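A.B. asks:
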Amino acid sequence: MKKDKNGTHEPSSVVPGALTNQESGVSWATLSWFQITYNQRTQDNSTAHVYRNGRQQVPITVIIEARNANNEIVTLENGELERISFCHYQTGIELSTLSQTRHPEYDYYPESTLYTSEPDRTDSSSQPIDEVKSKENTVQRQQIIRWYTTTSPDTVRIAASITSPNGDTFHTHSPEVDSGGKPTGGKFNSSLTVQPQTPIVFGASAFNAFRRDANGNDHFDVDLYDIYFINPQYKIRNSVHYTVQADKWHYSWNKSDSNKVQTAYKADRCRIVTFKTFVPTNNYSITFYVNEFFGK
13 MKKDKNGTHE PSSVVPGALT NQESGVSWAT LSWFQITYNQ RTQDNSTAHV
63 YRNGRQQVPI TVIIEARNAN NEIVTLENGE LERISFCHYQ TGIELSTLSQ
113 TRHPEYDYYP ESTLYTSEPD RTDSSSQPID EVKSKENTVQ RQQIIRWYTT
163 TSPDTVRIAA SITSPNGDTF HTHSPEVDSG GKPTGGKFNS SLTVQPQTPI
213 VFGASAFNAF RRDANGNDHF DVDLYDIYFI NPQYKIRNSV HYTVQADKWH
263 YSWNKSDSNK VQTAYKADRC RIVTFKTFVP TNNYSITFYV NEFFGK
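Numbering (the numbering used here), first residue to last: 13 to 308.
#1: Helix, strand or coil for Asn201, going by three-state DSSP, please let me know.
#2: For Arg158, which beta-bridge partners are listed by DSSP?
#3: Along the chain, which unbroken stretches of the alpha helix (DSSP H) at least 4 residues long are found entirely within the stretch 43-107?
#4: Is Thr73 closer than 7 angstroms to Thr330 when the C-beta atoms are compared?
#5: Helix, strand or coil for Ala221? Go by DSSP, reduced to three states.
#6: Do Gly193 and His40 count as a contact pair if the criterion is CB distance below 7 angstroms?
#7: Is Leu43 near Phe182, with beta carbons less than 7 angstroms apart?
#8: DSSP three-state label for Ala258, please.
#9: Within a Cβ cutoff of 8 angstroms, which residues of the same chain sit near Ser231, ignoring the five residues on either side of it in sequence?
#10: Looking at the strands, I want to know which residues DSSP matches up with Ala172.
#11: Going along the chain, which residues of its own chain have a beta-carbon closer than 6 angstroms to the beta-carbon of Phe287, five neighbours each way excluded?
#12: At the level of alpha carbons, what is the spacing between Trp261 and Gly198?
#13: With distances taken between CB atoms, is the gap from Tyr101 to Arg169 smaller than 7 angstroms?
#14: Look at the alpha carbon of Lys267 and the alpha carbon of Tyr118, and state the distance between them as a whole number of angstroms.
#15: Determine the DSSP secondary structure at Ala279, reduced to helix, strand or coil.
#16: Over what stretch of residues does the beta strand (DSSP E) that includes Ile298 continue unbroken?
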């Protein structure tokens with residue numbers, strides 16, 4: 013079983029024509045294909061770019077084909093696919109900054125246009141790809157996508173690794189063999205190079221604020237300031253609150269016998285919030301909408 017993007021379970025996809033572990037009676041023993049690709053490119057060691065802000069992601073696809081001890085193609089279950097890890101190509105040291113979740117609020121680097129049609133793809137299930145005829149059998153490959161982020165300025169070359177149930181480790185950082193997904197003597201050579209880019213920083217002059225009366229009653233008067241880019245090419249898709257938690261007041265002062273409070277609400281979606289007084293002896297409150305113009 014796998015979880016869909018809403019957290020519910022749905023049946024795992026099975027590669028047509030391949031044996032499941034239950035049908036074959038044994039677990040997988042070896043790999044007949046193990047490859048890293050990027051942006052649906054066929055060449056090995058493609059170059060990807062990403063802003064090094066720790067939020068923008070690089071989609072990395074791993075294509076894999078497993079066989080049992082009888083050389084029969086078997087379908088790896090989701091739990092087995094999740095054992096695929098990533099490492100530095102040169103050293104084999106594991107990389108930890110990869111996620112099983114796509115964060116659609118952050119667009120891919122402009123070169124990744126082929127992936128923009130899948131903004132909500134968040135699961136890590138196996139996905140069958142095109143069938144290719146081979147001399148031995150019908151090749152039935154599975155693929156998973158993982159997402160890489162970084163805050164480092166250093167270029168990194170990424171390889172993949174997986175350990176079989178019997179303890180044999182297969183990896184794609186063997187430079188002595190031909191590149192691609194096909195093994196040579198049980199070894200694989202496939203990688204992806206990520207070149208981090210300096211994040212774009214927009215100063216205050218790039219933004220404007222629109223003031224509006226949100227709500228009011230005998231105890232409160234709520235003014236909202238919606239912040240937006242002056243250039244309509246850009247949209248605020250998310251907000252990061254460093255020193256004060258989102259939706260919590262961060263500044264307060266007394267003025268004209270009243271208490272004024274400033275609160276920064278997280279930019280996420282149009283929603284209703286409730287503001288209450290700080291005095292425990294009363295239950296004064298007011299509700300109002302925030303992010304009414306979110307994404308516009």
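Note that CB positions come from ideal geometry on N, CA and C, so glycine has one too.
Predicted, not measured: the structure shown is a model, and the values here were computed from it.
C.D. replies: Taking the structure as given:
#1: strand
#2: Answer by DSSP bridge pairing, in chain order: Ile72.
#3: Segments of the alpha helix (DSSP H) lying fully in the stretch 43-107: 90-93.
#4: No statement about residue 330 is possible, as the shown extent of the chain runs from 13 to 308 and does not include it.
#5: Looking at Ala221 - three-state DSSP - the assignment turns out to be strand.
#6: Reading off the sequence shown, one finds Trp at residue 40, where the question assumed His. Not closer than 7 angstroms, so no.
#7: Yes. Within cutoff.
#8: coil
#9: Per the sequence shown, the amino acid found at residue 231 is His instead of Ser. Here the set comprises Thr289, Tyr296 and Ile298.
#10: Under DSSP, the beta-bridge partners assigned to Ala172 are Phe98.
#11: Ile298
#12: 59 angstroms
#13: Their beta carbons are under 7 angstroms apart, which means Tyr101 touches Arg169 by this criterion.
#14: 40 angstroms
#15: coil
#16: Ser297 to Val302
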